[in-house]
Amino acid sequence: MKGKKSERDAKLRLLHRLLISYNDFHQASQIASYILRHRFQDKVESLRGERRYRIKLLWQALNCAMVVSYCRPFSGNDRRSAKPIPDLPKRFLKNLTPEERELHAVAMEDRNTLLAHSDSKAWNLRPFFLETTPGRRMLVPLHSDVRAPLVHQAVEQLQAICAKLMELVFQERMQLEKELADVLPAASASELLTQSSEEEHGR
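Quick note on the working numbering: the sequence shown kicks off at 1 and runs consecutively.
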């Protein structure tokens, strides 16, 4: 009996992660679509001045959001929770091609060293004094381009990875739905609306 409860609880936690991960991949895919649709790379390469700066800044911000969203399912979530929901199992990555797994590794590395954190090794900071005029010096913090976004070819590939993982996650979710049909609670549409309204007013 205790073993069955433990197995059921594990499936419930996995279902939670699948539901969360689907939304994470969907958000990353939507951001990728926006980046590609607005051709940020082409614009940054062709424009100059203030407009180029503003577009590049937006591209960098969206790239950060896209990569972080994509990496969330694999990023050691719920470490401080008493009842943690495990990360998305690594077995999902076995369905990726070698090229896709390589891009996955790049995204995870960017997330862990540059986007969600500021890793000193990744920055490769090399400060030095630049002599502007005799007797006057200015400190220059030379470093790697830590804000460089993924090129559009990589964004297209990441979007394809998201679509593949979303489909795999959805298939497993549907299987768990059947297995947990007698465990999960049920509610009518009116009850959901009432609960949603109460939660909204309670904030």
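Glycine is no exception: its CB is placed at the ideal position from the N, C-alpha and C atoms. In this text the structure is predicted, and so the values were computed from the model without any measurement.
Since residue i is in the beta strand (DSSP E), which residue starts that stretch and which ends it?
{"i": "Phe-40", "result": "No beta strand (DSSP E) contains Phe-40, which is instead part of the alpha helix (DSSP H) from 40 to 46."}
Can you tell me whether residue i is helix, strand or coil according to DSSP?
{"i": "Pro-185", "result": "coil"}
{"i": "Val-106", "result": "helix"}
{"i": "Thr-132", "result": "strand"}
{"i": "Arg-126", "result": "strand"}
{"i": "Pro-98", "result": "helix"}
{"i": "Leu-142", "result": "strand"}
{"i": "Arg-80", "result": "coil"}
{"i": "Arg-147", "result": "coil"}
Is residue i near residue j, with beta carbons less than 8 Å apart?
{"i": "Ser-29", "j": "Gln-159", "result": "yes"}
{"i": "Arg-13", "j": "Pro-86", "result": "yes"}
{"i": "Met-166", "j": "Tyr-22", "result": "yes"}
{"i": "Leu-139", "j": "Asn-63", "result": "no"}
{"i": "Leu-15", "j": "Leu-176", "result": "yes"}
{"i": "Ile-161", "j": "Leu-88", "result": "no"}
{"i": "Arg-173", "j": "Leu-47", "result": "no"}
Our contact map puts residue i next to residue j with C-beta atoms below 8 Å; I'd like the distance itself, whole angstroms only.
{"i": "Ile-20", "j": "Ala-65", "result": "The pair is not a contact, with the Cβ atoms about 17 Å apart (cut-off 8 Å)."}
{"i": "Pro-127", "j": "Leu-114", "result": "Not confirmed; about 19 Å, so no contact."}
{"i": "Lys-11", "j": "Leu-180", "result": "6 Å"}
{"i": "Val-67", "j": "Asp-119", "result": "Not confirmed; about 14 Å, so no contact."}
{"i": "Arg-72", "j": "Asp-24", "result": "4 Å"}
{"i": "Ser-144", "j": "Asn-124", "result": "5 Å"}
{"i": "Ala-122", "j": "Val-146", "result": "6 Å"}
{"i": "Gln-27", "j": "Ser-69", "result": "4 Å"}
Going by DSSP, what residue range makes up the alpha helix (DSSP H) through residue i?
{"i": "Lys-121", "result": "120 to 123"}
{"i": "Phe-74", "result": "Unbroken run through Phe-74: none, as it is neither H nor E."}
{"i": "His-152", "result": "152 to 179"}
Does the beta carbon of residue i sit closer than 8 Å to a beta carbon anywhere in chain D?
{"i": "Ile-161", "result": "Checking the listed chains, one finds no chain D in this structure; it contains a single protein chain."}
Any 3 or more C-beta pairs closer than 8 Å across the stretch 154 to 168 and the stretch 103 to 119: Three or more pairs of CB atoms, one per stretch, sit closer than 8 Å, so the stretch 154 to 168 contacts the stretch 103 to 119.
Inter-stretch contact at 8 Å, needing at least 3 Cβ pairs: the stretch 35 to 53 / the stretch 69 to 76: Because the criterion of three Cβ pairs below 8 Å is not met, the stretch 35 to 53 and the stretch 69 to 76 do not touch.
Inter-stretch contact at 8 Å, needing at least 3 Cβ pairs: the stretch 48 to 56 / the stretch 169 to 186: Touching, no, given that fewer than three Cβ pairs across the two stretches are closer than 8 Å.
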